[in-house]
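Following: one structure in structure tokens, then a few remarks.
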Amino acid sequence: MATPTRVGFIIWCLIVVVALLKTANADTYSVGDELEWNIPPLGSIAYETWAREKVFEVGDNIVFNWNGTHDVAEVTKENYDSCNDTGTIDLRQTSPANFTLSSNSTRYFICTISNHCELGQKVTIRIGDQWSSASSLAVGTLSAVISTIAISFFTFF
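In mature numbering (1 follows the signal peptide of the UniProt record, and there is no 0), the protein residues as written are -26 to -1, 1 to 131.
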């Protein structure tokens, strides 16, 4: 039969493993899903709706897939709003184009080919909780650590 100390240690280890597995999870999103990265038939509402239905977190990846003549450029909000491709932050001209979401922020992407942006081929990606300096992932990890410490304290003492 296991002693209470050993059972407490095993529970503590399991909680730590679960917390670590949760923090290591990153999702990959294909921009536009079935539409992929193309000129949307109904204008920019297609990509606005797609992005609004997602919850992007730090560490996630977004992938732009397309066939034909397209590209994807990360731009400032001002350039996004005006479909201006001067001074792009990052331009990718081959598909698939992968971007890792590395911080809580808002990122703006457009197609710079011809008038594709004006026709709605642009998307805004909002990452994490932008009203707080701590992401929900960090808050969840902190909660797991505090719970682990509390369980360890009550198990061993």
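Where is the CB? At the ideal position from N, CA and C, for every residue including glycine.
R26 versus T50, T80, E92 and H44, residue with shortest Cα-Cα distance: T80
Helix, strand or coil at T50 [DSSP, three-state]: coil
Extent of the continuous beta strand (DSSP E) run through I36: N35 to F38
Status (buried if at least 16 other CB within 10 Å, exposed otherwise) for A108: Note on A108: pLDDT 44, under 50, position unreliable in the model; no value is reported.
Beta-carbon proximity check, P14 vs Q95, cutoff 8 Å: yes
Exposure of A(-1), with buried meaning 16 or more beta-carbon neighbours within 10 Å: exposed
Buried or exposed by the 16-neighbour rule on C-beta atoms within 10 Å, applied to N53: buried
Inter-stretch contact (C-beta, 8 Å, three-pair minimum) for the segment 18 to 34 and the segment 56 to 73: no
Bridge partner(s) assigned by DSSP for I84: A47 and K96
Whether N35 touches F83 by CB criterion (8 Å): no
N-terminal and C-terminal residue of the beta strand (DSSP E) that T23 is part of: Taken as a continuous stretch (DSSP letters only), T23 belongs to no beta strand (DSSP E), being part of the alpha helix (DSSP H) at I19 to R26.
Distance between V97 and A71 (C-alpha atoms, nearest Å): 14 Å
Pairwise C-alpha distance: R(-21) and A20: 55 Å
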